[in-house]
Amino acid sequence: MEKLLILDSNSLLNRAFYALPPLTNNEGLNTNAIYGFSNMLLKMQDDINPDYIVAAFDKKAPTFRHKEYGDYKAGRKKMPPELSEQFPVVKEFLKLLGVNIYEIEGFEADDIIGTIAKTAAKEGMEVYVVTGDKDALQLADKNINVLITKKGVSEVAAYDYDTFVKEFEVTPTQFIDVKGLMGDKSDNIPGVPGVGEKTAFKLIKEYGSVENVLMNIDSISGKKLKENLENYKEQAIFSKKLATIMVDVPFEGIMEEIKDKRETDKDKLKELLIKLNMKSVLNKYISSSDEEERVIDITELSNSEELKRILLSEDNKYYIAYDINESPLNSKRSIKTFVVSKGEDSNFIDMTNLDNHGFEVLKEFFEDENKIKVIHDSKALIKILNKKGIEVKGFEFDTAIASYLIDSAQSDYNIDRIVMLFIGDEIKGDKDECLKKGVVYLKELEERLIKKIKDEGMDELYYSVEHPLIYTLASMENIGFNIDEETLKELKDKFKKEIEVTAKEIYDLAEEEFNIGSPKQLGKILFEKLDLPVIKKTKTGYSTNADVLEKLRDKHPIIDKVTYYRQITKINSTYVEGLMALIDEDGKIHSSFNQTVTTTGRLSSTEPNLQNIPIRYEMGREIRKIFIPTNEDDLLLSSDYSQIELRVLADMSGDVNMIDAFKHHSDIHTKTASEVFNVPIEEVTSTMRSSAKAVNFGIVYGISDFSLAQDIGVTKKEASEYMKVYFDRYPKIKTYLDSLIDSAKENGYIKTILNRKRIIPEIKSSNRIVKALGERLAMNAPIQGSAADIIKIAMNNVYNRLKKEGLKSELILQVHDELILNVKKDELEKVNILVKEEMENAIKLKVPLDVDGNYGKTWYDTK
DNA sequence: CTGGTCTGCAA
DNA sequence: TATTGCAGACCAG
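Residue numbers (numbering that gives the first Met the number 0): 0 to 862.
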């Protein structure tokens, strides 16, 4: 006997949604109902093994029940958006599975189910109806099994005619009569007042139907019950009608349609399940035996001859992964394992003991532009090759960087992770195995990523900015920043003495020795021994951060000493000792610029982080004196964008007032102050200017009145007033920021000037704090990200022009809005102009970009 | 020895 | 109850 499985989709999704904890994919789409639904479906398929499956949905349009009874299902809460957004996805899922979906205007899913169930049973099918709604029990019949979900969605209780009668002692049809009498709160079916489940069953068991009950009211005991039955006769009949599931919805050729089975669209199903991050479901639908198992034939190349055979025997496209011997020192990094594939093969070679001939092979391979290379996370490899005098040509695509452009929020872009993310396969094994197995996925990854990048409109961003930037950064990192070790040692001694003296003073004031660096011990001294007022607490105890100490400084002389001690030990450990440990054999520091870390598109810098060298306070700023040019005669040039983020904001918002200010090269903070405080430019005080500056900063970050108030030390109300006036003066900024939030809410992401995408799952959160964060991200990311786009363009252009013009000056550092170059003395003027030109003309905005260049003998002096 | 927490540096 | 990062010190497990 053929089996038909009918899904009461609305009911099941509701069940799953409320039974399972919230679950989202990486884009913030809720998936818990989908997950529960698909697992339930899998279980049913396993248990029943149906020949056909159909899914019924409710339509939004009112049904005949609503039309006849205005209050039908009234009082039902509106479906939360976290659930409703999952409906289209489930429909897509079912469609790809080949399941027929039925939803008909004017009928509920129940009616569709009833009709299909009865029709199919009549035609000799064994029918299974799965639902979370007990109403459907009235459909139970000889060949119709109604499966009701129990606790959650994993288990079901099954009823056919016999089991139903056995349990309830009425027939399934009589169950409608029961409902007519008792009503149904959730559907707002009234029934007869005073008649509950017990009485209803009792009456129907005795009289068989609502009609018969009503004809025999006289013989029923109980005065009140009689009265109610008498008074609500019509309501009882009507309720029965409402509770009756239709079994005669007009369906033309429904059975033929159901039997006309469609195939599962495996490729698209896979894609959808990967997108939903539902690997476990995917595995069940597409078992590995179903797919051609990826044949991974891993070959070890044991000498340079074998390497040569793979790399040089023909012109081809090569997929490359590698591992390096990590070291904090650039000079000590080398290639450990080199893995190459021409598509399906995987060949690796242990580079540690490779002879010189091996590097000749690599040189011939990498410098041949007809041998096309796709490299996963190429920069470290390029750096090592470049150091050995090998250029890299014919390099077309970096799968790590491309993956970052598609989703910048991943914690890393190792091959195994992005294979899971974009292909859905799990690569098992340690780092080494992931590499060797992963290389065979690079071809498919490349194809998918190229398509995605094109679809997202990021061709220019990848091919003209990020990809060329790999070479620019590799060069900067290999060049490094020269260090004045003498001065550094002097600083070290100076700080060491200062720390000792300060510590002694603190011990004297505390009248005991303790670890000043331990917030726990310091807290004990300050708040218990010295009994200072507790300002703030942390999870683990008293807060002793800078803000707290600032508030306490009048209360005890120890506070200023502690603050000073903090500053000086911070500078000493992080910058003096930290930098000292990273000076390479060439006397330079070679920081790494990571291209795939930040969510906004900025670079980040590690080992060491050269993007947070102190500048605000003199004591820390001194650190900059140790950064010197490569050669004695050279100079350092620092060129920085003035207010690039506000200019980007002016451009993207199109606010005429702000655009004007930049066009006239006004001091934007003073101008803002004059607007917000309504005074002429000349009367702007420095306090006003710094408040305005804080507002401008706040706008860029996505502001709240609370934080602004805290920042500039006014009340929340005043801060709120500043913002209001600000938006009055720059009206288009307000509308622009709002439009960013709207677009993020609608699409789930925002884009920068170059279409760099940042997915913002937070904005869909039902937690209002998280959602508020999402809104700030939506406002900040396009601004910060566009500024990042612009300086990246400038970096490539500066790098290429210096090379093209045969100049010996070199780009060595980027600090978000600033480029630092090592400049030959006789090139200074030329390079200063060149850099300014390239930075200012990196992109055409509605406002000019202003670049200020400063040079000096040390980084400290470039001011 | 690792990972969590607190702290503080930059744009 | 402001965005993006990196890193050192401490400390519990």
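Quick reminder that beta carbons are idealized off the backbone N, C-alpha and C, glycines included.
These numbers were taken from a predicted model, which means no experiment stands behind them.
Please report the residue range of the alpha helix (DSSP H) in which K162 lies.
Taking the first sequence and counting its residues from 1, the one referred to as residue 162 is at position 163. Residue identity check: residue 162 is Thr in the sequence provided, not Lys. Here the alpha helix (DSSP H) through T162 covers Y160 to F167.
Could you tell me which whole alpha helix (DSSP H) segments of length 4 or greater appear in the region 99-145?
108-121
Measure the beta-carbon distance from G393 to D367 and round it to whole angstroms, keeping in mind my assumption that it falls under 8 Å.
Within the first sequence, the letter at position 394 stands for residue 393. Within the first sequence, the letter at position 368 stands for residue 367. At roughly 6 Å, the Cβ-Cβ gap stays under 8 Å, so G393 and D367 are in contact.
Exposure of K750, with buried meaning 16 or more beta-carbon neighbours within 10 Å:
Position 751 of the first sequence holds residue 750. Under this definition K750 is a buried residue.
Measure the alpha-carbon distance for G113 versus V212 and round it to whole angstroms.
The residue you call residue 113 lines up with position 114 of the first sequence. The residue you call residue 212 lines up with position 213 of the first sequence. Roughly 26 Å separates the two Cα atoms.
Would you say the region 16-25 touches the region 58-71, given that touching needs at least three Cβ pairs under 8 Å?
no
Report the CB separation of G182 from P189 in whole angstroms; it is logged as a contact under 8 Å.
Within the first sequence, residue 182 is the residue found at index 183, counting from 1. Within the first sequence, residue 189 is the residue found at index 190, counting from 1. Indeed, because the Cβ distance is near 5 Å, the residues count as touching under 8 Å.
Taking 7 Å as the limit between beta carbons, can you name the residues of its chain near E26, skipping five residues before and five after?
Residue mapping note: residue 26 aligns to position 27 of the first sequence, counting from 1. These residues qualify, in order along the chain: G747, I758 and P760.
Apply the 10 Å Cβ neighbour rule to H375 and answer buried if 16 or more other Cβ atoms are within range, or exposed otherwise.
Counting from 1 along the first sequence, the entry for residue 375 is found at position 376. With 16 or more other Cβ atoms within 10 Å, it is buried.
Which one or two residues does DSSP pair with A60 in a beta bridge?
On the first sequence, position 61 is the one that residue 60 refers to. None, per the DSSP bridge assignment.
Around the Cβ of Y462, are there at least 16 other Cβ atoms within 10 angstroms (buried) or fewer (exposed)?
Indexing the first sequence from 1 puts residue 462 at position 463. By the 10 Å Cβ count, Y462 comes out exposed.
Contained alpha helix (DSSP H) runs [length at least 4] in the region 226-256, N- to C-terminal order:
232-242
Between the C-alpha atoms of Y273 and G437, what's the straight-line distance to the nearest angstrom?
Translated into positions along the first sequence, residue 273 becomes position 274. Translated into positions along the first sequence, residue 437 becomes position 438. First, the amino acid is wrong: residue 273 is Ile here, not Tyr. Between I273 and G437, the C-alpha separation is close to 18 Å.
Enumerate in chain order the residues of its own chain whose CB-to-CB distance from F592 is below 6 Å, with the five nearest sequence positions on each side excluded.
Taking the first sequence and counting its residues from 1, one reaches residue 592 at position 593. These residues qualify, in order along the chain: L472, L602 and S604.
Inter-residue Cα distance where the pair is F676 and D816
Locating residue 676 in the first sequence gives position 677, counting from the first residue. Locating residue 816 in the first sequence gives position 817, counting from the first residue. Those two C-alpha atoms are separated by around 29 Å.
Does the pairing of the region 83-90 with the region 103-110 give three or more beta-carbon distances under 8 Å?
no
Quick check on this structure: which residue in P607, F364 and E255 has the alpha carbon closest to the alpha carbon of I389?
Position 390 of the first sequence, counted from the start, is the residue given in the question as residue 389. Considering only alpha carbons, the answer is F364.
Could you tell me if E352 is buried or exposed, where buried requires 16 or more neighbouring beta carbons within 10 angstroms of its beta carbon?
Here residue 352 corresponds to residue number 353 of the first sequence, with the count starting at 1. Residue identity check: residue 352 is Asn in the sequence provided, not Glu. Label assigned to N352: exposed.
Cross-strand partners of S10 (DSSP beta bridge)
Locating residue 10 in the first sequence gives position 11, counting from the first residue. For S10, which the question treats as bridged, DSSP gives no partner whatsoever.
Based on the DSSP output, what are the partners of R757 in its beta bridges?
Working through the first sequence from its first residue, we reach residue 757 at position 758. According to DSSP, R757 bridges with I749.
Kindly identify the DSSP beta-bridge partner or partners of G855.
To locate residue 855, count along the first sequence from 1; it is residue 856. L635.
At the level of alpha carbons, what is the spacing between G937 and S220?
Any property of residue 937 remains undetermined from this structure, which presents the chain solely from 0 to 862.
Just confirm the distance between the C-beta atoms of E343 and I371, as a whole number of angstroms; I'd bet it's less than 8 Å.
Here the question's residue 343 lines up with position 344 in the first sequence. Here the question's residue 371 lines up with position 372 in the first sequence. Not quite, the Cβ-Cβ distance comes to about 17 Å (not below 8 Å), so this is no contact.
For R767 and L739, I'd like the C-alpha separation in whole angstroms.
Along the first sequence, read from residue 1 onward, the residue named residue 767 stands at position 768. Along the first sequence, read from residue 1 onward, the residue named residue 739 stands at position 740. Distance between the alpha carbons of R767 and L739 is about 18 Å.
Determine the direct distance from the alpha carbon of A672 to that of K692, and round the result to whole angstroms.
To locate residue 692, count along the first sequence from 1; it is residue 693. To locate residue 672, count along the first sequence from 1; it is residue 673. If I take the Cα positions, the gap works out to 8 Å.
Taking just the CA atoms, how far does L22 sit from L444?
Locating residue 444 in the first sequence gives position 445, where the first residue counts as 1. Locating residue 22 in the first sequence gives position 23, where the first residue counts as 1. Taking the straight line from one Cα to the other gives about 27 Å.
Which residues in the same chain as M618 place their Cβ atom closer than 8 Å to its Cβ, once the five residues preceding and following it in sequence are excluded?
Position 619 of the first sequence, counting from 1, holds the residue named residue 618. Cβ neighbours of M618 beyond the five flanking positions: Q566, I567 and I570.
From what residue to what residue does the beta strand (DSSP E) around N25 run?
Within the first sequence, the letter at position 26 stands for residue 25. No beta strand (DSSP E) holds N25; DSSP gives it neither H nor E.
N187: first and last residue of the uninterrupted alpha helix (DSSP H) it sits in
By 1-based counting over the first sequence, the position of residue 187 is 188. Where N187 is concerned, there is no enclosing alpha helix (DSSP H), given that its DSSP letter is neither H nor E.
CA-to-CA distance, T243 to K223, given in whole angstroms
Residue 223 sits at position 224 when you count from the first residue of the first sequence. Residue 243 sits at position 244 when you count from the first residue of the first sequence. Whole-angstrom Cα-Cα distance: 27 Å.
Where T539 falls, given that 16 or more other Cβ within 10 Å makes a residue buried:
One-based indexing of the first sequence puts residue 539 at position 540. The residue in question, T539, is exposed, as its Cβ has fewer than 16 Cβ neighbours within 10 Å.
Coil, strand or helix - F494 by DSSP:
Within the first sequence, numbered from 1, the residue matching residue 494 stands at position 495. Residue state, collapsed to three classes: helix.
How should A60 be labelled, buried or exposed, when 16 other C-beta atoms within 10 angstroms of its C-beta is the threshold for buried?
By 1-based counting over the first sequence, the position of residue 60 is 61. That one is exposed.
Would you report the Cα separation of E499 and S542, rounded to the nearest angstrom?
Here residue 499 is taken as the residue at index 500 of the first sequence, counted from 1. Here residue 542 is taken as the residue at index 543 of the first sequence, counted from 1. Distance between the alpha carbons of E499 and S542 is about 24 Å.
With a Cβ-Cβ cutoff of 8 Å, do S410 and D397 count as a contact?
Within the first sequence, residue 410 is the residue found at index 411, counting from 1. Within the first sequence, residue 397 is the residue found at index 398, counting from 1. No; because the gap between Cβ atoms is not below 8 Å, this pair is not in contact.
Inter-residue spacing [alpha-carbon to alpha-carbon] between L442 and Y318:
Along the first sequence, one-based indexing puts residue 442 at 443. Along the first sequence, one-based indexing puts residue 318 at 319. According to the sequence displayed, residue 442 carries Lys and not Leu. Answer to the nearest angstrom: the Cα atoms are 7 Å apart.
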